[in-house]
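Heads up: the sequence shown begins at 240 in the numbering used here, then just goes up one per residue.
Below is one structure; the comments refer to it alone.
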Amino acid sequence: MYQPKTGELCTCRKGIARDNCPDCEGTGQRIDFAAIRAKAAERQEAANLQAAAPAMLAALKALVDRLLPEVRDRYGDFDAMQREADYCEDVARAAIAQAEGDTP
Ligand SMILES: [Zn+2]
């Protein structure tokens with residue numbers, strides 16, 4: 240269980256009062272609830288990114304598929320555009336992998 244301490248001693252008395260203390264959760268040292276909330280928010284953000292990533296990647300691929308023929312017709316340098324598209328996909332996949340790694 241993630242239970243970071245502030246390093247501050249709690250004012251509760253040992254025994255039953257401490258066992259039921261919401262400030263230190265029985266540890267005698269005040270729990271750092273701000274750190275717990277920050278960690279939870281960080282995990283939620285990573286989970287949101289991970290959930291959104293496949294749709295973002297699909298949208299990116301759809302856009303690339305739609306634009307590539309037009310760009311090829313206009314500029315003729317298809318290989319360069321394909322490399323750009325591959326690069327975009329690599330970046331997106333790296334972002335997804337990072338988001339998945341950040342989420343327990
Ligand atoms: Zn306490």
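C-beta: ideal position from N, C-alpha, C; glycine also.
What you are looking at is a predicted structure, and each value in this text was computed from that prediction instead of being measured.
Here Arg252 carries a coil assignment [DSSP, helix/strand/coil]. A residue is called buried when at least 16 other Cβ atoms come within 10 angstroms of its Cβ; Ile255 does not meet this threshold and is exposed.
Proximity of the beta carbon of Cys327 to ligand 1 is not indicated: no heavy atom of the ligand is located closer than 7 angstroms.
Distance from the CA of Arg311 to the CA of Ala273, rounded to the nearest whole angstrom, comes to 53 angstroms. At least one heavy atom of ligand 1 falls within 7 angstroms of the beta-carbon of Asp262. Here Thr266 has Gln242, Lys244 and Cys249 as same chain residues with Cβ atoms under 8 angstroms from its own Cβ, once five neighbours each way along the sequence are excluded. Assignment of Glu264 by DSSP, reduced to helix, strand and coil, places it in the coil class. A residue is called buried once 16 or more other Cβ atoms fall within 10 Å of its Cβ, and Ile270 is buried on that count. With respect to the 8 angstroms criterion, Gln289 and Glu339 are classified as neighbours on the basis of their beta carbons. Ile335 has its alpha-carbon roughly 36 angstroms from the corresponding atom of Glu264.
For Arg257, the shortest C-beta to heavy atom distance toward ligand 1 is below 7 angstroms.
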